[in-house]
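The block underneath contains the structure these notes are about, expressed in structure tokens.
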Amino acid sequence: MRSSEAATGSRLRTLTSSDGLPERASLPWYLAPVPERLENLGLRLAWAVVVTNLLGTAFGFWYYRAQFGETPTPMWPFLPDSPMATLLFAAAVASWKLGRNRQWLIALAFVGNIVLGAWTPFVLLTFRAEFPVSPPMWQFLFWSHLAMVVQAFVLHRIGDFPPRAIAVAVLWYGTNLVVDYFVPVLGDHPHHTALPVEPEYPVALGASAHDAAGAAALVLVLFAVSVAMATGSAKRRGHETAAKRLD
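This is the structure we're talking about:
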């Protein structure tokens with residue numbers, strides 16, 4: 050029994066150690082809130098994380114099946130926001146594991162997982178009584194999306210968030226905001242995730258359901274981009290400081 054427990058403990062220590070993994074930069078806690086050992090575990094099990102995100106992506110596309118039928122085909126990339134975010138995350142981590150790190154892909158995954166990982170729980174809570182899903186499904190959607198936020202905050206280990214990469218994320222998610230809430234381009238209505246109430250449904254402070262959803266998305270995009278910029282800046286300062294010490 051004791052030998053089995055010792056072996057389990059040794060295995061766990063190996064999985065959560067930083068040996069052979071990208072170094073953890075010295076960042077403020079609010080830029081790297083996930084415990085280092087949990088980051089290490091996620092990076093150590095990177096391929097399992099990739100598969101999990103791909104399964105989530107497949108489920109997400111299935112979840113949007115009815116909305117796909119109501120949306121013009123050219124606008125499909127702007128519709129399944131959460132599945133696209135998990136797909137980008139899987140691609141970013143897989144690229145890192147294959148030695149082909151793509152900073153723009155990491156930036157897209159970071160912003161997308163924070164925005165959609167937080168926006169969906171906001172909508173689920175705001176319209177909890179009206180949401181047409183079973184309690185187990187509601188719980189699954191709520192916690193799985195919050196997990197997207199957690200995994201986003203591990204990406205600083207494999208990404209430096211250079212300005213050009215962040216610009217790609219701003220361009221994509223800025224465009225996404227426009228077609229989701231303001232100008233549909235094609236079709237009769239914006240392309241955000243269908244809400245369980247009418248767009249004009251009153252929420253609070255004179256805001257409609259559409260307004261509240263759009264405001265939350267905008268605030269979250271600004272927040273995620275700001276965190277990405279701050280992380281990139283902090284990592285560059287760290288690299289410069291380390292270089293000066295070597296001189």
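Quick note, the working numbering runs 49 ahead of the 1-based positions in the sequence shown. Positions of the beta carbon are idealized from the N, C-alpha and C atoms, including for glycine.
Buried/exposed call for residue i, threshold 16 Cβ in 10 Å
i    : result
V228 : buried
S75  : exposed
D130 : buried
E119 : exposed
H194 : buried
P84  : exposed
V100 : exposed
T169 : buried
P132 : buried
Closest by C-alpha distance to residue i, when choosing among the options
i    : options                : result
W355 : Y222, W221, R206, T63  : Residue 355 lies beyond the residue range present for the chain, which begins at 50 and ends at 296; the question has no answer from this structure.
A156 : A258, Q200, S59        : Q200
L297 : G208, S131, M124, I215 : The requested residue 297 does not occur in the structure, where the chain is confined to residues 50 to 296.
I215 : G148, V276, G91        : V276
W111 : L128, W221, G69, L87   : L128
H231 : D260, F138, Q188       : Note that residue 231 is Phe in the sequence shown here, rather than His. Comparing Cα positions, the closest option is D260.
P233 : L137, A139, F138, P121 : P121
L90  : G69, L220, V219        : G69
R286 : F189, W168, D209, A143 : D209
L104 : T135, V219, P212       : T135
L64  : A81, Y79, E88          : E88
Cα-Cα separation between residue i and residue j, rounded to whole angstroms
i    : j    : result
P181 : A258 : 16 Å
N162 : V198 : 6 Å
T106 : T175 : 24 Å
F271 : F159 : It should be pointed out that residue 271 corresponds to Leu in this sequence rather than to Phe. Their backbone Cα atoms lie some 13 Å apart in a straight line.
L61  : L226 : 42 Å
V203 : L147 : 18 Å
W187 : A95  : 27 Å
P211 : A283 : 11 Å
L154 : A273 : 15 Å
G166 : V268 : 13 Å
W192 : P185 : 11 Å
L173 : E289 : 43 Å
L80  : S66  : 21 Å
P77  : A115 : 43 Å
is_contact[residue i, chain B] using C-beta, thresh 7 Å
i    : result
L195 : In summary, chain B is missing from the structure at hand, where a single protein chain is found.
Beta strand (DSSP E) runs wholly inside the region 59-112, at least 3 long, in chain order: none
Alpha helix (DSSP H) runs wholly inside the region 178-216, at least 4 long, in chain order: Listed in chain order, they are 184-201.
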